[in-house]
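Participant: Which chain is which? The protein sequence lines are A and B, in order. Going by my numbering, the first residue of the first sequence is number 1, and it counts up by one from there. Going by my numbering, the first residue of the second sequence is number 1001, and it counts up by one from there. Ideal Cβ placement from N, Cα and C applies to all residues, glycine included. Being a predicted model, the structure only gives us computed values, none of them experimental. What follows is a single structure, and I will ask about it in a moment.
There are 2 protein chains.
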Amino acid sequence: MGLTKSEIFTDTQNDIASFAKAFAHPARVAILQQLFKMDSCYCGNLVDEIGLAQPTISQHLKELRNLGLIKGNVEGTSVCYCIDKENWQKMKEVLMLFLDQDTQTKDECC
Amino acid sequence: MGLTKSEIFTDTQNDIASFAKAFAHPARVAILQQLFKMDSCYCGNLVDEIGLAQPTISQHLKELRNLGLIKGNVEGTSVCYCIDKENWQKMKEVLMLFLDQDTQTKDECC
DNA sequence: TTATTTAATTGCAATATTACGATTAATATT
DNA sequence: AATATTAATCGTAATATTGCAATTAAATAA
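In structure tokens:
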């Protein structure tokens, strides 16, 4: 079918999945790393750095923007992108809690 | 095209994306949470707990197994699944390093 | 006004993912 | 041996994702 039955899962489970989906493609990982590394974070820079076409990068940026992980600032014909630190922190809290489950449990069952 | 150009990305970027993909579906998030919560982690329990068909759960389990995050132990006709703590820890290190990037950088550019 | 530059959008092709019915495989039970 | 139980696999349908050429939109420069 190809359609996730999101209604049978909790909000938290869907949130974790949504955030994880942001990192589930190496291009988006690369984009985020660049945004953390660079001071100048123009869209064109990302196209140059990462070897993908401009529409492809633009599409990935849109997904990250929709999730709230980045924000874009229009400067003339250019757009300067950067990490939305506040939302990044929120996302981190949700994911960390999930990743840290192993510290709160005893030993293996099998 | 629908085909990720993994060859243009670094191993780390591809690793992060692969791990994130494991959590990029609420069913797999739910499975992992159950495995952490339960002592008895039989495949049938997961089918009952999560409202998806047995082949669907089996398929999700396979993906988690291929990534090394869980391991299954055959007990008669049943299979007992549990978290592979060692690999979970390794995965955590990779993802944490990525998520913690915000602590290592200065303020926003825009 | 007419380029030029930069990035978003549209349209489309190809591959990936999700889900499940039907079947199969393997073990246990009668 | 025949049946029951449990989970994997196969096949298939439907939706999602990835990628890019072509185009559009918006602002700047000539």
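#1: Would you mind sorting residue 1029/B into buried or exposed? The rule is 16 or more other CB atoms within 10 Å of its CB.
#2: What are the uninterrupted segments assigned as alpha helix (DSSP H) that are 4 or more residues long and contained completely in the region 20-94 of chain A, given in chain order?
#3: Using a Cβ cut-off of 8 Å, pull out every chain B residue sitting near residue 89/A, in sequence order please.
#4: In whole angstroms, what is the alpha-carbon distance linking residue 12/A and residue 1104/B?
#5: Please state whether the Cβ-Cβ distance between residue 67/A and residue 22/A is less than 8 Å.
#6: Going along the chain, which residues of the region 1057-1080 of chain B sit with their C-beta nearer than 7 Å to a C-beta in chain A?
#7: In chain B, which residues lie with their C-beta within 7 Å of the C-beta of residue 13/A?
#8: Along chain A, in chain order, which residues have C-beta atoms closer than 7 Å to that of residue 1095/B?
#9: Assign residue 100/A to one of two classes, buried (16 or more other C-beta atoms within 10 Å of its C-beta) or exposed (fewer than that).
#10: Compute the distance between the beta-carbons of residue 35/A and residue 41/A, then report whether it is under 8 Å.
#11: Identify which residue in 1045/B, 1079/B, 1009/B and 1057/B has its Cα closest to the Cα of residue 4/A.
#12: With a threshold of 8 Å between beta carbons, is residue 53/A in contact with chain B?
Facilitator: On the basis of the supplied data:
#1: So residue 1029/B ends up on the buried side.
#2: List check, alpha helix (DSSP H) in window: 26-37, 43-49 and 54-67.
#3: By Cβ distance, chain B contributes 1102.
#4: Residue 12/A and residue 1104/B: Cα-Cα distance of roughly 28 Å.
#5: Cβ distance < 8 Å, so residue 67/A and residue 22/A count as in contact.
#6: Listed by position, the residues of the region 1057-1080 of chain B near chain A (Cβ gap below 7 Å) are 1073 and 1080.
#7: Here the neighbours are 1026, 1029 and 1030.
#8: The contacting residues are 99.
#9: So residue 100/A ends up on the exposed side.
#10: Between residue 35/A and residue 41/A, the C-beta spacing is below 8 Å.
#11: Looking from the CA of residue 4/A, the closest CA among 1045/B, 1079/B, 1009/B and 1057/B belongs to 1057/B.
#12: No, its Cβ sits nowhere closer than 8 Å to a Cβ of chain B.
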